Each structure stands twice: as structure tokens, then as C-alpha cells.
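Every position in the sequence shown, counted from 1, becomes a number in this note's numbering once 16 is added.
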Amino acid sequence: DDLGELAAFGSLVLGIDEGDGWLRAQNPSGEIRFLPMEIQGVPVLSRTGAERQREALQERRRRKEEAEQHQRDLEAWQRRAAEAERLHQERRRAAQAHREDAEDPKADL
Numbered sequence: 017d018d019l020g021e022l023a024a025f026g027s028l029v030l031g032i033d034e035g036d037g038w039l040r041a042q043n044p045s046g047e048i049r050f051l052p053m054e055i056q057g058v059p060v061l062s063r064t065g066a067e068r069q070r071e072a073l074q075e076r077r078r079r080k081e082e083a084e085q086h087q088r089d090l091e092a093w094q095r096r097a098a099e100a101e102r103l104h105q106e107r108r109r110a111a112q113a114h115r116e117d118a119e120d121p122k123a124d125l
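Written as C-alpha cells, this is what we have:
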């Protein structure tokens with residue numbers, strides 16, 4: 017065994033879980049090495065690095081998409097509100113014009 021090639025405690029190791037209790041990894045020289053997932057029943061490797069990063073990235077994407085959808089919804093509601101206000105003002109002007117016509121004695125001629 018070459019002790020110089022041991023992964024230091026707390027270091028990140030990129031590898032493939034073989035599903036049999038071993039992680040297949042490549043050392044800096046490009047040689048394939050196998051690391052135990054646990055020793056005497058005690059976990060010595062965890063999937064925290066890549067999986068947490070992937071989950072965080074997925075969560076950021078989900079939140080971004082949700083925020084973008086909320087923004088689109090807000091803009092749609094603002095357009096509807098502006099259109100409703102425009103129609104309200106138009107009807108108000110028409111009603112005012114109708115009242116003025118009804119009050120104008122020249123309108124009867």
C-alpha cells in the first residue's frame with residue numbers, strides 16, 4: 017500500500033459508487049483506486065459533495081422558474097387591472113357625456 021495516495025479526512029473525492037460497499041475513484045495519476053464506503057460498520061465516505069450541489073442547483077432552478085412564473089402572473093394581473101381601469105374610465109366619460117347631453121337644452125332641438 018502506498019500511504020501517500022490516501023484521501024485525507026474531510027477531502028472531496030469524485031468517484032462512482034459500485035454498489036458493493038466500494039467507491040471507484042481515479043487518483044491524480046489517472047490510476048483507478050477503490051475506497052471503502054465504511055470500515056467495520058462505520059461510514060467513512062458520504063455523498064454530501066456532489067449530491068448536495070446537484071440538489072441545491074435543482075432547488076435554485078425550481079425557485080427561479082417559480083419566481084419567473086409569479087412575475088408573469090403578476091404582469092398578467094397588472095395588464096388586466098390596467099384594462100379594467102381603462103374600460104371604467106371610458107364608461108365614466110360616456111356616462112358623463114350622456115348626462116351633459118341630457119342637461120343641455122340645445123340637445124333637444
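Cβ coordinates follow ideal geometry from the N, Cα and C atoms, glycine included. Being a predicted model, the structure only gives us computed values, none of them experimental.
Beta-carbon proximity of residue i to residue j, cut-off 8 Å
i: PHE25; j: LEU39; result: no
i: GLU54; j: GLY35; result: no
Rounded straight-line distance, which links the Cα of residue j to that of residue i
i: ASP120; j: HIS114; result: 10 Å
i: ALA23; j: GLN74; result: 29 Å
i: PRO44; j: LEU61; result: 19 Å
i: ALA110; j: ARG96; result: 21 Å
i: ALA72; j: HIS86; result: 21 Å
Burial state of residue i (16 or more Cβ within 10 Å)
i: LEU19; result: Reliability of the predicted coordinates at LEU19 is poor, the pLDDT of 48 falling under 50, and the value obtained from them is presented with this limitation in mind. Counting Cβ neighbours within 10 Å, LEU19 comes out exposed, since fewer than 16 surround it.
i: GLU116; result: exposed
Self-check item: beta strand (DSSP E) runs wholly inside the region 41 to 113, at least 3 long, in chain order
Solution: DSSP runs (the beta strand (DSSP E)) wholly in the region 41 to 113: 48 to 52.
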